[in-house]
Amino acid sequence: MIKRIYIEISNVCNLSCAFCMKTDRKPRIMSPEEFEHILSETDQITDYIYLHVQGEPLLHPQFDKMMEIAAKHSCKVQLVTNGLLLPQHPDLIGMKALRKVSFSLQSVEYHKKDPAEFMAPIFCFIEEASANGKPYCELRFWRDDQMKLERTEECLNMIHERYQPEESGRVRNERILPGVYVDYSNPFEWPEENNTGSDTGTCHGAISQIAILSDGTVVPGCLDAGGRIPLGNLFETDLQTILSSERYRNMCEGFRSRRITEELCRSCTYRLRFDR
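In our numbering, the protein residues as written are 2 to 277.
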């Protein structure tokens with residue numbers, strides 16, 4: 002049962018971070034009409050929409066319009082952003098469809114803005130969101146050696162000086178305000194088609210999530226940022242037909258029986274997090 006759908010409203014970004022996968026896909030921004038068409042297909046499956054694969058969603062020239070469309074379809078939207086363009090969207094908190102905002106603060110090492118200047122509007126946002134009761138907010142960092150990088154450490158120090166973090170009950174996660182959390186996830190590597198890895202295992206991809214790239218290509222999940230497992234194109238074929246395809250059904254049946262059917266999935270180390 003698909004619980005969430007990742008939609009890449011744009012694959013264009015204002016940063017070039019080392020941890021993001023480099024692809025040969027052409028830059029593309031999804032139109033409001035295309036987005037509405039996608040939601041007319043996905044709202045029969047789930048109302049949990051994640052604006053995330055690659056690209057910076059807040060860079061979309063009609064972002065407000067896209068969120069209006071999401072509200073029209075009663076979507077619960079999770080926005081993933083590097084936070085740099087936050088000051089340009091003063092009405093973000095009040096957007097009806099917005100359920101959660103995840104700030105990818107790993108990106109602090111890849112832009113030139115002073116960390117204190119960068120964090121100031123984020124602090125204002127999360128404090129207003131907490132007082133407002135929505136949206137939920139998450140500040141994301143990497144664990145291990147990257148936590149000691151100078152700019153990352155400066156941001157963490159500011160957070161710990163401004164707030165009093167407490168255990169949230171989740172692993173590698175702390176609560177700093179009502180509805181606001183700091184998450185310390187382990188880094189991961191993007192999968193590549195290198196014919197290595199195991200033929201056995203499982204994943205949430207395809208089974209409980211799919212992703213739709215900016216050109217309408219449907220893939221099994223957000224880690225297929227290169228569109229290496231195209232299941233169909235939603236601008237050409239309806240979603241039910243795509244999810245009835247032999248390739249999609251084989252993937253799902255394979256994961257349920259701990260059998261890997263796609264080469265890209267064999268080399269994916271991220272799926273090992275779910276392979277218990």
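Where a beta carbon is used, it is the ideal one built from N, C-alpha and C, also for glycine. Keep in mind that this is a model prediction, so the values were computed, not measured.
* If we count the other Cβ atoms within 10 Å of its Cβ and call it buried at 16 or more, is D225 buried or exposed? -> The residue is buried, with at least 16 neighbouring Cβ atoms inside 10 Å.
* Just to confirm, are L265 and I230 a CB contact at a threshold of 7 Å? -> Against a cut-off of 7 Å, the Cβ pair of I230 and L265 comes out as a contact.
* **Beta carbon of L235 nearer than 7 Å to that of I39** => Annotated as proximal: L235 and I39, with beta-carbon spacing under 7 Å.
* Asked: Exposed or buried, E139, counting other C-beta atoms within 10 Å across all chains shown (16 or more means buried)?
  -> Buried is the call here.
* Asked: Do R171 and Y185 have their CB atoms nearer than 7 Å?
  -> Going by beta carbons, R171 and Y185 fall outside the 7 Å limit.
* Would V181 pass as a contact of I123 if the rule is Cβ separation under 7 Å? -> The criterion of a C-beta distance shorter than 7 Å is not satisfied by V181 and I123.
* **Sub-7 Å separation of P136 and V102 beta-carbons** => Contact check for P136 against V102 passes: the beta carbons are separated by less than 7 Å.
* Asked: Under 7 Å between the Cβ atoms of V220 and G228?
  -> Yes.
* To do: Using the Cα positions of L232 and L85, report the straight-line distance between them to the nearest angstrom.
  => Cα-Cα distance, rounded: 33 Å.
* Just curious, the alpha helix (DSSP H) that T1 is in, first and last residue? -> Given that the chain is displayed from residue 2 to residue 277, the structure contains no residue 1 and the question cannot be resolved.
* Answer with buried or exposed for A132, where buried requires no fewer than 16 other C-beta atoms within 10 angstroms of its C-beta. => With fewer than 16 other Cβ atoms inside 10 Å of its own Cβ, A132 counts as exposed.
* With 16 other CB atoms within 10 Å as the buried threshold, where does C223 fall? -> Flag for C223 reads buried.
* What's the C-alpha gap between R163 and E151? -> Near 18 Å, if we compare the C-alpha coordinates of E151 and R163.
* Asked: Taking just the CA atoms, how far does H112 sit from A19?
  -> So the two alpha carbons sit approximately 11 Å from each other.
* Asked: So is Q89 buried or exposed if we call it buried at 16+ other beta carbons inside 10 Å?
  -> Taking every protein chain shown into account, the CB of Q89 has fewer than 16 other CB atoms within 10 angstroms, so this residue is exposed.
* **Runs of beta strand (DSSP E) wholly within the segment 85 to 171 (minimum 3 residues, chain order)** => 99 to 105 and 137 to 143, all fully within the segment 85 to 171.
* To do: Assign A117 to one of two classes, buried (16 or more other C-beta atoms within 10 Å of its C-beta) or exposed (fewer than that).
  => Under this definition A117 is an exposed residue.
* Contact set for I6: own chain, Cβ-Cβ below 8 Å, skip 5 residues either direction -> Take I6, set aside five residues on each side of it, and the residues of its chain with a beta-carbon closer than 8 Å to its own are T43, I46, T47, Y49, I50, Y51, Q210, I211, A212 and I213, in chain order.
* To do: Between the Cα of L273 and those of I70, E110, Q79 and H205, spot the shortest distance and give me the residue it belongs to.
  => Comparing Cα-Cα distances from L273 to each of I70, E110, Q79 and H205, the minimum goes to H205.
* What number of angstroms, rounded off, separates the C-alpha of V109 from the C-alpha of T153? -> One C-alpha to the other measures close to 6 Å.
* **Among G134, F142 and L106, nearest to M96 - alpha-carbon criterion** => If you compare the alpha carbons of G134, F142 and L106 with that of M96, the shortest gap goes to G134.
* **First and last residue of the uninterrupted beta strand (DSSP E) at E263** => Segment: none, E263 is in no beta strand (DSSP E) and carries neither H nor E.
* For L82 versus L59, is the C-beta distance shorter than 7 Å? -> According to the sequence shown, residue 82 is Thr rather than Leu. Yes. Within cutoff.
* Rounded to a whole number of angstroms, what is the C-alpha to C-alpha distance between D65 and F36? -> Rounded to the nearest angstrom, the two C-alpha atoms are 12 Å apart.
* **Residue from C76, I10 and S246 whose Cα sits closest to the Cα of L99** => Sorting C76, I10 and S246 by C-alpha distance to the C-alpha of L99 places C76 at the top.
* **DSSP state of K23 mapped onto helix, strand, coil** => In the structure shown, K23 sits in coil (DSSP, three-state: anything other than H, G, I, E or B).
* Going by CA-CA distance only, name the one from M148, E129, C269 and M2 that's closest to P91. => When only C-alpha atoms are compared, the closest one is E129.
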